[in-house]
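Below is one structure, written out as structure tokens; the observations come after it.
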């Protein structure tokens with residue numbers, strides 16, 4: 213039974229997923245108040261590629277359609293692609309590294325650190341932008357990094373970082389920082405709504421600027437993360453077993469934690485804390501492609517993108533013109549779907 | 004050729020050392036077992052040998068070179084480890100797990116080539132895991148999983164394989180299965196095997212040499228015969244055992260008797276036992292542990308009952324092996340009989356060699372001693388003396404010999 217559930221061919225799996233992602237980008241970009249067809253989206257994109265402009269017939273697209281696609285829809289969809297990919301690949305690598313199915317990108321205190329940073333920025337009204345980032349983004353990023361540094365140093369025992377102490381340190385620091393954020397919200401209750409909205413996560417109204425800035429570092433970090441996929445595989449058999457197979461366990465742990473933290477902090481600082489994606493997508497993908505991180509990591513990234521773009525479209529359209537924070541949608545759709553997968557998988561065992 | 008040389012290593016997780024000044028050498032192609040009670044540092048020693056732990060002092064040499072000079076990957080090309088814990092929650096297939104054994108030889112994005120495939124398939128064939136190669140590691144039995152991890156170590160294609168209690172959670176058939184596999188690799192491929200194991204009898208049966216650890220120090224190393232002695236086991240485990248050659252496998256084996264710390268309550272009743280050929284073992288065991296003061300005889304040196312009595316330090320009037328009872332040993336036996344409050348004889352077959360035992364029992368009976376005949380064993384033939392023994396026994400019954408059919412009945416009689 214299990215043999216046919218698992219897709220073995222690496223190339224084919226990735227190809228199918230990529231096609232799905234491109235289709236998803238095209239379709240979701242058309243959904244909205246303005247009337248735009250999927251092909252228009254691809255035409256606009258193609259016309260923007262240097263050297264391609266002459267070959268694409270974009271005469272049927274009006275200037276306003278062009279502007280909506282290029283300035284409003286596409287940046288938002290692509291931000292979803294980046295954030296979804298980043299959260300999912302971090303979640304997948306953390307779950308493997310920590311050998312813990314409950315692990316998600318936020319488990320080491322990133323979310324609570326970022327939330328506290330963002331809350332402080334909101335309360336202090338830090339509107340000044342730094343390198344094109346809003347004050348909230350910068351503070352969230354700094355908060356996330358401080359939290360993880362704290363967790364890592366508490367969890368560390370001499371030169372080693374035992375998984376259990378790391379996880380417990382993450383929980384403890386997370387709870388502590390969340391409590392401070394809550395306290396701030398109680399004291400400055402004027403800003404409470406804004407803080408809560410931020411923590412629920414959103415991809416709306418960011419424009420091109422943050423994407424161009426975060427996508428390169430995030431993609432670079434994701435690619436480097438792939439370098440360690442076989443090491444993570446072997447570390448699943450136990451740390452000592454992995455060492456005896458020549459894996460430099462402690463070093464790999466630090467690298468993967470650093471990369472995952474970096475990706476997640478970047479994503480969170482722009483989009484707020486979008487929950488569930490980084491926890492559930494790796495599980496769903498693992499059910500389909502198996503636990504080999506060489507395929508699990510890239511496949512999680514793409515499936516995460518697809519899921520993120522899909523849920524964000526729902527978030528911005530379902531009660532249009534109002535927006536629902538996308539974090540709510542990810543949980544509402546992801547939860548039942550995952551439970552369904554879990555149940556149907558159980559039956560085959 | 005020297006594979007591994009351990010020189011005066013001391014290691015501890017904290018300030019208290021777990022390994023204290025341990026030195027030994029392993030030659031290429033040896034099969035070595037590390038034995039010792041729980042907490043004696045067996046697993047720690049094994050991991051130190053593999054360079055997983057860095058000793059506080061002393062050093063481990065791999066092929067003549069300090070292991071700390073090697074990179075992890077270089078050690079992994081020479082030594083493989085089968086860990087104690089082979090649980091794996093992630094749903095890899097058996098083949099994927101075995102393939103991990105090739106990791107030290109592969110670059111970051113390098114795929115397994117023909118040679119790797121061949122080694123992986125060979126390893127699976129050897130361990131009988133080829134047929135389950137597509138099954139998930141999470142869905143196979145403990146014995147199968149153990150074999151898969153051994154296959155992974157074989158696929159690593161190293162000259163040395165270390166195993167940390169590979170048989171501890173397995174049924175006896177799987178235990179023998181695994182050890183036969185290790186012996187096969189040892190003998191056919193010349194792979195050096197170093198094994199941490201709990202079962203002393205399995206260790207003696209398969210190993211060339213044994214290291215016996217107690218509280219982090221080696222208290223015996225050498226052939227199974229040299230190391231597995233009553234004294235060493237008592238010293239290491241605080242356990243009284245009988246050591247004998249197993250009559251089926253021919254290997255040294257131990258029979259646990261009594262934890263030495265447990266003080267048995269001594270009774271002031273002397274019992275002389277007449278037995279032989281193992282017929283007295285249960286009897287001796289039961290009486291000994293109930294605290295009776297025992298003596299035995301006459302027994303030929305080397306007899307099963309003799310060995311057993313010796314291991315319990317019970318006085319025996321003994322005769323040279325395969326000899327009839329001489330006057331000298333008979334005299335000693337009569338002294339023992341004289342001191343005894345009670346004589347118990349088993350229904351050991353009587354021939355010309357031990358007829359004298361029966362006669363002496365008869366004398367005691369005539370002298371007014373209480374003699375009990377324990378007839379709990381089934382022998383095809385009792386009398387190898389042409390009727391003499393049977394006649395004597397009948398005469399003894401006439402004079403008040405009590406005959407009992409079971410140990411329980413005997414215990415009721417004497418208590």
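Residue numbers (this note's numbering), protein chains in the order written: chain Y, 213 to 561; chain X, 4 to 418. Where a beta carbon is used, it is the ideal one built from N, C-alpha and C, also for glycine. All values derive from a computational prediction rather than experimental measurement.
> In the segment 165-230 of chain X, which residue ranges form an unbroken alpha helix (DSSP H) of at least 4 residues, counting only runs that do not cross its ends?
Replying inline: 175-192, 203-209, 227-230
> Buried or exposed: where does residue 221/Y fall if 16 or more other Cβ atoms within 10 Å of its Cβ makes it buried?
Replying inline: exposed
> Got a sec: is the Cβ-Cβ distance from residue 214/Y to anything in chain X below 8 Å?
Replying inline: Any reading at residue 214/Y must be qualified, since the residue scores a pLDDT of 39, below 50, and its modelled position is unreliable; the value itself is stated next. Chain X, which has a Cβ nearer than 8 Å to the Cβ of residue 214/Y, makes this yes.
> Where does the unbroken alpha helix (DSSP H) through residue 390/Y begin, and where does it stop?
Replying inline: 375-399
>> I want to verify the contact list: residues of chain Y whose CB lies under 7 Å from the CB of residue 79/X, in sequence order.
In response: 456, 457, 458
> Taking Cβ positions only, does residue 500/Y come closer than 8 Å to chain X?
Replying inline: no
> Is the beta carbon of residue 133/X less than 8 Å from the beta carbon of residue 85/X?
Replying inline: no
> Between residue 416/X and residue 407/X, which are expected to be in contact by the criterion C-beta below 8 Å, what is the C-beta distance as a whole number of angstroms?
Replying inline: 6 Å
> Which of the three DSSP states, helix, strand or coil, is assigned to residue 173/Y?
Replying inline: What the structure shows of chain Y is the stretch from 213 to 561, and residue 173/Y is not part of that stretch, so it cannot be assessed.
> How would you list, in chain order, the residues of chain X whose beta-carbon sits under 7 Å from the beta-carbon of residue 555/Y?
Replying inline: Within chain X, no residue comes near residue 555/Y; the closest Cβ sits about 17 Å away, beyond 7 Å.
> Are the segment 373-382 of chain Y and the segment 313-320 of chain Y touching, with three or more C-beta to C-beta distances below 8 Å?
Replying inline: yes
> CA-CA distance, residue 561/Y and residue 148/X?
Replying inline: Confidence in residue 561/Y is poor, its pLDDT being 42 and thus under 50, which makes the residue's placement unreliable; the coordinate value appears in the next sentence. Answer to the nearest angstrom: the Cα atoms are 18 Å apart.
> For residue 91/X and chain Y, any beta-carbon pair shorter than 8 Å?
Replying inline: yes
> Residue range of the alpha helix (DSSP H) that residue 119/X falls in?
Replying inline: 117-129
> Anyone know if the C-beta pair for residue 94/X and residue 502/Y falls short of 8 Å?
Replying inline: yes
> Count the other CB atoms within 10 Å of the CB of residue 69/X; is the residue buried (16 or more) or exposed (fewer)?
Replying inline: exposed
>> Give me, in chain order, the residues of the same chain whose beta-carbon lies closer than 6 Å to that of residue 414/X; leave out the 5 immediate sequence neighbours on both sides.
In response: none
> Just by C-beta distance, which residues in the segment 276-308 of chain Y are closer than 7 Å to chain X?
Replying inline: none
>> Since residue 348/X and residue 277/X should fall inside the 8 Å C-beta cutoff, what is the C-beta to C-beta distance between them, to a whole number of angstroms?
In response: 4 Å
> Any beta-carbon of chain Y closer than 8 Å to the one on residue 95/X?
Replying inline: yes
> So is residue 452/Y in contact with chain X if we call contact Cβ pairs under 8 Å?
Replying inline: yes
> Counting Cβ pairs, one atom from each stretch, are 3 or more of them under 8 Å apart for the segment 410-421 of chain Y and the segment 355-364 of chain Y?
Replying inline: no
>> What does the Cβ neighbour count give for residue 321/X, buried or exposed, with the cut at 16 atoms within 10 Å?
In response: buried
> What does residue 45/X touch in chain Y if you count any residue whose Cβ is under 8 Å from its own?
Replying inline: The premise fails here: residue 45/X is roughly 15 Å from chain Y at the closest Cβ pair, so nothing lies under 8 Å.
> Considering only residues of the segment 61-127 of chain X, which uninterrupted beta strand (DSSP E) runs meet the minimum length of 3 residues and lie entirely inside it, listed in chain order?
Replying inline: 82-85
>> My assumption, with CB atoms under 8 Å, is that residue 317/X sits in contact with residue 298/X. Please give the rounded CB distance.
In response: 7 Å
> If you draw a straight line from the C-alpha of residue 454/Y to the C-alpha of residue 367/Y, how long is it?
Replying inline: 21 Å
> Around the C-beta of residue 58/X, are 16 or more other C-beta atoms found within 10 angstroms, so that it is buried, or is it exposed?
Replying inline: buried
> Over what stretch of residues does the beta strand (DSSP E) that includes residue 345/X continue unbroken?
Replying inline: 345-349
>> Check whether chain Y comes within 8 Å of residue 88/X, counting only Cβ atoms and requiring the distance to be less than that.
In response: yes
> Going along chain Y in order, which residues have a C-beta closer than 8 Å to the C-beta of residue 1/X?
Replying inline: Lying outside 4 to 418, the shown extent of chain X, residue 1/X is not represented and no answer is given.
> Taking 8 Å as the CB-CB cut-off, is residue 75/X touching chain Y?
Replying inline: yes
>> Taking contact to mean 3 or more Cβ pairs, one atom from each stretch, closer than 8 Å, check whether the segment 198-207 of chain X and the segment 157-174 of chain X are in contact.
In response: yes
> Taking any Cβ of chain X, which residues in the segment 431-442 of chain Y have a Cβ under 8 Å from it, in chain order?
Replying inline: 439, 442
> Excluding sequence positions up to five away, which residues of its chain have a Cβ less than 7 Å from the Cβ of residue 255/X?
Replying inline: 207, 227, 228, 231, 246, 248
> Does the beta-carbon distance from residue 326/Y to residue 434/Y come in below 8 Å?
Replying inline: no
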